[in-house]
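Heads up: the sequence shown runs through residues 56 to 381, numbered per our numbering.
Ideal Cβ positions, reconstructed from N, Cα and C, are used throughout, including at glycine.
Keep in mind the model is a prediction, meaning the values are calculated, not measured.
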Amino acid sequence: MPTSFAGAKETGSARFSSLFDLYFVRPIPRKSLFGLRFWVRTKKYRLFMNPEPSESTWFYEALAWLELNRKQVIAGALLVFAIIVAGYIYDWHRKTTQREAERALFALKDRPGTEDSTRGPAASELIKVAQSHPGTSAAQRALLLAASDLFDEQKYPEAQAKFEQFIANYNNSPLAPIAALGIASCLDAQDKVEEAMSAYQRVINQFPTEPAAARARLHLAIIHEQKNQPEQALRLYDELNKPNVFGSVAAEAANRRERLLRKHPELVTATQPAASQSSPASSSQAAGITTQTNSIAASQNAAQTQQNAPASTNTPATPKPNTQTK
């Protein structure tokens, strides 16, 4: 067995040496050389058409790129880390400031020992809170409360200035419609009628879906009544007579509309064509108003007739008290 193995080994070595001598040592004839070239090209094409699987080198290429751009990568990582830390610090500072402002505002509301327990903190103290914590929601409420207190104290120019300051500093706040209505109310209280009407109209145009717009329509209608413009006032009252308007504003508008129609019965006949084109509910409502107006006019005429009649005929006999005793 060992002998045969050694013989096979020697035979393989002989074959390898003969091939080595054939291709690299001995001179190769032209025909053989052409055949070798053809064999190499054929082998090359086979490798190209059927590539053997090779190990991916993207990991090593990434390591090489990191090694070449090490400084830039470190600088970018530090920049991202600094941005994250700065954002965290800013958020922490904002929340801390907000909590401090809330505490300061609640401290004013809960302060005991005031002369009038129902009255809130003074306007000057609220203004200090607004100035000490600018940009917070507590500062917004404090400034608006200060302006409202000044309005209640009939300091209309000062209240108007604070309302205007609120609009200038917090124009995008949800409380901005209230501040805009406060400006118009201050102008109205100072008897600046034209400026107040323009301010009320701005509230209606800028905040059409806010409750402040309904309140502005009501005040604008009252001004039209005071200026003896019942048609414009009735139009505004009709705008407030809608399902989306509710609360005290709708009730007050309905009462004022009824009084306006009593005072100006001609407005009922003017609104009848529009009511006939509307829904049956609105038609019945207009008919009820007309009947009510006619009955009021009839009662007024009857009262006037009784006043013109003699005293003996219009004075009813009053029953005398029963003074007899059993």
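To the nearest angstrom, report how far apart residue i and residue j are at their CA atoms.
| i | j | result |
| --- | --- | --- |
| I182 | L291 | 36 Å |
| E265 | A271 | 10 Å |
| R320 | V248 | First, the amino acid is wrong: residue 320 is Pro here, not Arg. Going from the Cα of P320 to the Cα of V248 covers about 27 Å. |
| A216 | R257 | 17 Å |
| A268 | I259 | 5 Å |
| A137 | S240 | 50 Å |
| G190 | L316 | 48 Å |
| I344 | A178 | The pLDDT assigned to I344 is 42, lower than 50, so where the model puts this residue is not dependable, and the model offers no usable value. |
| A194 | V184 | 6 Å |
| A197 | V128 | 49 Å |
| G142 | L133 | 14 Å |
| V383 | A254 | Here the chain has residues from 56 to 381 only, and residue 383 is not among them. |
| K210 | G131 | 58 Å |
| L160 | Y145 | 23 Å |
| S203 | T324 | 42 Å |
| T112 | L123 | 17 Å |
| L205 | E180 | 12 Å |
| N283 | P212 | 28 Å |
| L230 | A162 | 22 Å |
| A156 | S192 | 8 Å |
| F114 | I139 | 29 Å |
| A201 | N224 | 15 Å |
| H304 | D207 | In the sequence under discussion, the amino acid at residue 304 is Val, which differs from the His named in the question. Near 20 Å, if we compare the C-alpha coordinates of D207 and V304. |
| V135 | W147 | 19 Å |
| P298 | Q281 | 27 Å |
Put residue i into one of helix, strand or coil per three-state DSSP.
| i | result |
| --- | --- |
| H188 | coil |
| T264 | coil |
| A177 | coil |
| Y225 | coil |
| P320 | coil |
| E208 | coil |
| K282 | coil |
| F136 | helix |
| T112 | coil |
| V300 | coil |
| Q153 | helix |
| Q287 | helix |
| L230 | coil |
| D246 | coil |
| N310 | helix |
| R257 | helix |
Considering only the alpha carbon of each residue, which of the options lies closest to residue i?
| i | options | result |
| --- | --- | --- |
| H279 | N296, M252, V300 | M252 |
| R158 | Y143, V135, S187 | S187 |
| N227 | Q256, Q261, A239, A132 | Q261 |
| N296 | E286, E307, Q287 | E307 |
| Q245 | L230, A214, P263, Y225 | A214 |
| G302 | L273, L322, E313, L289 | L273 |
| P263 | E294, L242, K282 | E294 |
| E313 | V304, P298, L289 | L289 |
| R311 | E286, P298, I277, Q287 | I277 |
| L322 | L242, A156, E286, P298 | E286 |
| D243 | N224, L200, L275 | L275 |
Measuring only from the beta carbon, is residue i closer than 7 Å to any heavy atom that is part of the ligand FMN?
| i | result |
| --- | --- |
| A269 | With respect to small molecules bound, the structure shown includes none, and the ligand FMN cannot be examined in it. |
Less than 8 Å between CB atoms is the rule here; does residue i satisfy it with respect to chain C?
| i | result |
| --- | --- |
| E122 | This model lacks chain C altogether; it includes just one protein chain. |
Practice problem: Please determine if the stretch 233-248 and the stretch 204-222 are in contact, where contact requires at least 3 C-beta pairs separated by less than 8 Å. | Solution: yes
Exercise. Give a yes or no on contact between the stretch 116-130 and the stretch 138-153, applying the rule of three or more CB pairs nearer than 8 Å.
Key: no
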